[in-house]
Amino acid sequence: MSEAGEPVPFLSVVIPTMGRDILIRTLESLVASEGFEGIEVIVAGRVPDAGVAARLREICGKHGNIRHLDIQFETGDSSRKKNEGAAGAKAPLIAFLDDDVVVAGDWPKRIVEPFADEKVGLASGPSLVPDDINRIGRLAGLALSSRAAGYVAERYQQNRAATYAVDWDRIIGCNAAYRREAFAQMGGFPADFYPGEEMIAAFRTEKAGWKLVFAPAAWVKHYPRQSLARFWRQMWGYGATRIRLLRGGVSFNPLPLVPGIWVGGTAALAALAPFFPWAGWLLAADLGLYVLMALAVAVETVATTRRTGDFWLLAMIPWMHLAYGLAEWAEGFRPGTDFSEKTK
156 MSEAGEPVPF LSVVIPTMGR DILIRTLESL VASEGFEGIE VIVAGRVPDA GVAARLREIC
216 GKHGNIRHLD IQFETGDSSR KKNEGAAGAK APLIAFLDDD VVVAGDWPKR IVEPFADEKV
276 GLASGPSLVP DDINRIGRLA GLALSSRAAG YVAERYQQNR AATYAVDWDR IIGCNAAYRR
336 EAFAQMGGFP ADFYPGEEMI AAFRTEKAGW KLVFAPAAWV KHYPRQSLAR FWRQMWGYGA
396 TRIRLLRGGV SFNPLPLVPG IWVGGTAALA ALAPFFPWAG WLLAADLGLY VLMALAVAVE
456 TVATTRRTGD FWLLAMIPWM HLAYGLAEWA EGFRPGTDFS EKTK
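Below is the structure:
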């Protein structure tokens, strides 16, 4: 019980928002979830759309455990919204969700289960591809969850039955929960780092000595970018963030640098090929092997989903790698680009 005699929620859920209409669907999924009565939900962000704002007020009026912080910041908006929400949270566990997810029916229960282990400071669950999206959105989600995405694909899969320990760069920020003590110890989300503030926070939590885990049962369905341009921008942000993370002092992992190495190597061979026959042969081998890899991933995906339209993944994979790899080079030479999304 709190000092006011009110029951303390077992989980606080902070949702930073830009006021998109899908926020309402996120909230409705939480309301319908098992254990909703025992949690509190804090929506942090200004809602410029009058219709969305009216629906949000209605939901808050119906459910006393949902409240809205009407806040917006000129800089560090995403991090500062999350930090403000956490500062007002009452529960011993604080979860963070994006405002465009739909949670599993038992998500509140599943995301807190790992904290039975007192060593766990941070838990995350997978971000699955919804069914009710257009083809571009579906292919974007499938690309991220395919072998072509490397080890990070597990963030987008229910790949195991039981919860398991992970390191910091296997955490996904759209679906994560902190023990309050761990959140305070790592210092909150850095306001000067976007995108990727969740990754820096996860690294600092691990460095502070806390155990990080991934809980496949605590899934959400996350609505990906549903146009080629927005998916390109998303991947560009991811690639640039990887270089920023290295500058920020995280532990070194060479695997996320592979797309940049591939893009740079292929560009170098293409430039040399008109002058040196050996470069032409290497370029042909490089592109041929790449096409075989993308083809194998596309075939494997279609065999799993039984949807022939998913074969277009063959085109989405190079789109993903090209954006990510070019961004790594761009960030190396021209650091500090602002990738924050602006409200309209």
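According to our numbering, the sequence shown holds residues 156 to 499 in order. We treat Cβ as the ideally placed atom computed from N, Cα and C, and that holds for glycine.
Next on the checklist: So for H223, helix, strand or coil by DSSP?
Outcome noted: Judged by DSSP in its simplified three-state form, H223 adopts strand.
Next on the checklist: Using only CA atoms, which one of C329, R210, T172 and S188 lies nearest to I197?
Outcome noted: Ranking C329, R210, T172 and S188 by Cα distance to I197 puts T172 first.
Item to check | Length of the line joining the Cα atoms of A304 and G216 | outcome: Going by C-alpha positions, A304 is about 43 Å away from G216.
Item to check | Nearest candidate by alpha-carbon position, reference R359, set A337, A370 and Y349 | outcome: Cα-wise, what sits closest to R359 is A337.
Next on the checklist: For A501 and I266, which I take to be in contact (beta-carbon distance under 8 Å), what is that distance rounded to the nearest angstrom?
Outcome noted: What is shown of the chain runs 156 to 499, which leaves residue 501 out entirely.
Checklist entry - Just the Cα atoms here: how many angstroms apart are V284 and F431? => result Rounded to whole angstroms, V284 to F431 spans 45 Å at the Cα level.
Item to check | Residue environment, L410, which counts as buried when at least 16 other CB atoms sit within 10 Å | outcome: L410 sits exposed, since fewer than 16 C-beta atoms from the chains shown fall within 10 Å of its C-beta.
Checklist entry - Can you give the Cα-Cα distance for Q227 and R201, rounded to whole angstroms? => result So the two alpha carbons sit approximately 6 Å from each other.
Checklist entry - Which word fits S382, buried or exposed, when buried means at least 16 other C-beta atoms lie within 10 angstroms of its C-beta? => result Exposed.
Item to check | Other residues of its chain near A308: CB distance less than 8 Å, five sequence neighbours each side excluded | outcome: Taken in chain order, the residues that qualify are L299, S300, S301 and R302.
Next on the checklist: Tell me the rounded alpha-carbon separation between A470 and E352.
Outcome noted: Answer to the nearest angstrom: the Cα atoms are 30 Å apart.
Item to check | For K237, the first and last residue of its enclosing alpha helix (DSSP H) | outcome: Going by DSSP, K237 is part of the alpha helix (DSSP H) stretching over D232 to A242.
Item to check | Inter-residue Cα distance where the pair is R489 and V418 | outcome: Rounded to the nearest angstrom, the two C-alpha atoms are 17 Å apart.
Checklist entry - Based on the DSSP secondary-structure assignment, which residues constitute the bridge partners of K376? => result Per DSSP, V257 and L283.
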